[in-house]
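Protein chains in written order, with our numbering: chain A, 1 to 364; chain B, 365 to 651.
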């Protein structure tokens, strides 16, 4: 079957309610295929998805699907599917009937074949006779996703679908979804607050913050060269380390250490230095590395990694993401090493001034 | 093993206050009734043990049987009217905005009125000569609850619906409010009709509160006393003479403590059995 390419366009969309601005003049174009929407809690992801679906109308602006203005078209008449963070299914219907619910317009045999195909794809084949209450959380969400996938739609919206699942199920379903979206047609928008999800999908990504579009582009490029501090923060988990710095005579000074400024800046200018936790080491591997004496406050061991919380000065903390299980005593003194090549230099107002072009490997 | 159990014996002291208070509020009064029910009492010092004779008499008494049938029909009608009506009103109530509190207060108003006052209100309201309700109905059909059995029955039933449907509304409304918005949005996206949304989302999620509503309304209506006592006094004839009215007539009016005790125990047993059946059926059907 041939599908026409569709696009979903948000044209100057704002949503205001009760004196609060949820979305502020958002202009976006979602093309056929998967787009990731990432932003912290309260960034406006859900509002954007609901406006795109037609579940609420924007205060100002237009929504276009396939070139047609659908702003005033009722959600019932639109070709959309929506997957929620909560596991939303019809409680009184079986998994089979749940998946079949959007297919009422199809002939019976065709609907039956489609339900079985989608159920198989989501690994629900053996649960078709059960009701949602008799399923695990992961299976309930698989049912909800299967229901959304059953009917071919122009716009499929997934609003943090994995946020309420436990870690193991999340990783598994994330991998399944990635393969599934690679074969789907129509616009797919996937919102998340988890950088790992956005990086796994490696799809075109929209970064949202406080109701505004902060950046649009490739997530891997954004991770390597965050255009602003906000984008770098949104994409860093554990949180991005931030250190204060000052430009002096062509060098950037930070807590007694210094390195050559990547670009010429006027002397005396204050800057903020961003370092990903996995770029902080506690042993020296290169001579150019910046050294910061530190006190160990806490070591969080997850098994494959150890998160070491360090205190550099009174209000200055640094988190180091170390490989493997390592044992530390709180209160011990150590030295944190940071390679200047992996430091993002941001201006006072959060614009990226310099980032090392060498950091393109994206392990961890 | 035995010493492990020994350690927790002190916990019994914590249960003692409950045991004592339940003994005084429930067990001892109940046992007193059991005591009455197996004796023929002439005076505190003159009593004869009669075994189960009173139970046999009460079970065979046509007056008791008539009252039982009337009470069962009344409870069935109350449930059939109040549960669907309550759910319907709850579904139509506003979900947000200032109208919510206005609607809630208006709906809950009848619940705040004492039972005998409700009876007095309706006694006057339904009168054909000076009552607004009775006067209005009399314009259409001839209506007089003091003379006509059917009119008396309808008056008592209407009064119960007016008084207690709000309870069902409040329970159902609370149940409806606990359904997360995404359920309704998902139904909208599917293009589900209002009926399908009700049938497949709202009704299944109301199962818990409706079970409670049905049990409460059954028990209350099966034991109804004050309102018909005030409005009709059980009449005309015995048209609105329900089990509790008959019971109080035997116990307090005629002071026949033996038959009244046996009657109370049978009455208690029927309420227990019907509630058990309701509860089992309602909780099983969900699975």
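Every residue gets a Cβ at the ideal spot worked out from N, C-alpha and C, and that includes glycine.
Residue 24(A) and residue 10(A) do not touch by the CB rule: their CB atoms are close to 12 Å apart, not below 8 Å. At least one C-beta of chain A is nearer than 9 Å to the C-beta of residue 563(B). Annotated three-state conformation of residue 269(A) is coil, per DSSP. If you ignore the 5 residues before and after residue 131(A), its C-beta comes within less than 8 Å of the C-beta of 91, 92, 93, 94 and 95, all in its own chain and listed in chain order. Note on the stretch 226-271 of chain A: whole alpha helix (DSSP H) runs with a minimum of 4 residues are 229-234, in chain order.
For residue 343(A), the three-state secondary structure derived from DSSP is coil. In this structure, residue 83(A) and residue 161(A) form a Cβ contact; the two beta carbons are roughly 5 Å apart against a cut-off of 8 Å. For residue 82(A), the chain B residues whose C-beta falls within less than 9 Å of its own C-beta are 546, 549, 550 and 553, listed in chain order. Closest by C-alpha distance to residue 435(B), out of 496(B), 583(B) and 381(B), is 583(B).
Rounded to the nearest whole angstrom, the CA to CA distance from residue 316(A) to residue 217(A) is 32 Å. Neighbours of residue 569(B) in chain A, taken as residues whose beta carbon is under 7 Å from its own, are 91 in chain order. When the beta-carbon positions are compared, residue 34(A) and residue 188(A) come within less than 9 Å of each other.
The beta carbons of residue 536(B) and residue 455(B) sit closer together than 9 Å.
CA-to-CA, the gap between residue 608(B) and residue 519(B) works out to about 18 Å. One finds 554 in chain B with Cβ atoms closer than 7 Å to the Cβ of residue 102(A), taken in chain order. Under DSSP, residue 337(A) shares a beta bridge with 281(A) and 291(A). Between the C-alpha atoms of residue 181(A) and residue 568(B) there is a straight-line separation of about 33 Å.
Bridge pairing for residue 428(B): absent [DSSP]. For residue 191(A), the three-state secondary structure derived from DSSP is strand.
Exclusion of the five residues before and after residue 626(B) leaves 401, 418, 419 and 422 as the residues of its chain whose Cβ lies within less than 6 Å of its Cβ. Non-local C-beta neighbours of residue 121(A) in its own chain, meaning closer than 8 Å and more than five positions away in sequence, comprise 146, 149 and 180, ordered along the chain. In the DSSP secondary-structure assignment, residue 69(A) is bridged to 64(A). At a cut-off of 9 Å, the C-beta of residue 319(A) has no neighbouring C-beta in chain B.
Residues of chain B with a Cβ closer than 7 Å to the Cβ of residue 88(A) are, in chain order, 546, 547 and 550. Counting the other Cβ atoms within 10 Å of the Cβ of residue 504(B) gives fewer than 16, which makes it exposed.
For residue 208(A), the uninterrupted beta strand (DSSP E) run begins and ends at 204-209, by DSSP. For residue 284(A), the nearest beta carbon of chain B is not closer than 9 Å to its own beta carbon. The beta carbon of residue 629(B) lies closer than 8 Å to those of 397, 398, 401 and 419 in the same chain, with the five residues before and after it left out. Along the stretch 192-218 of chain A, there is no position whose C-beta sits under 8 Å from a C-beta of chain B. Look at residue 636(B) here: in three-state DSSP terms it is helix. Following the DSSP letters along the chain, one finds residue 305(A) inside the beta strand (DSSP E) bounded by residues 305-313. For residue 55(A), the chain B residues whose Cβ falls inside 8 Å of its Cβ are 549, 552 and 553, in order along the chain.
Residue 410(B) is bridged by DSSP to 407(B).
In this structure, residue 581(B) and residue 526(B) do not form a Cβ contact; the two beta carbons are roughly 14 Å apart against a cut-off of 8 Å. The C-alpha of residue 506(B) lies about 34 Å from the C-alpha of residue 578(B).
Secondary-structure assignment with DSSP links residue 16(A) through a beta bridge to 21(A).
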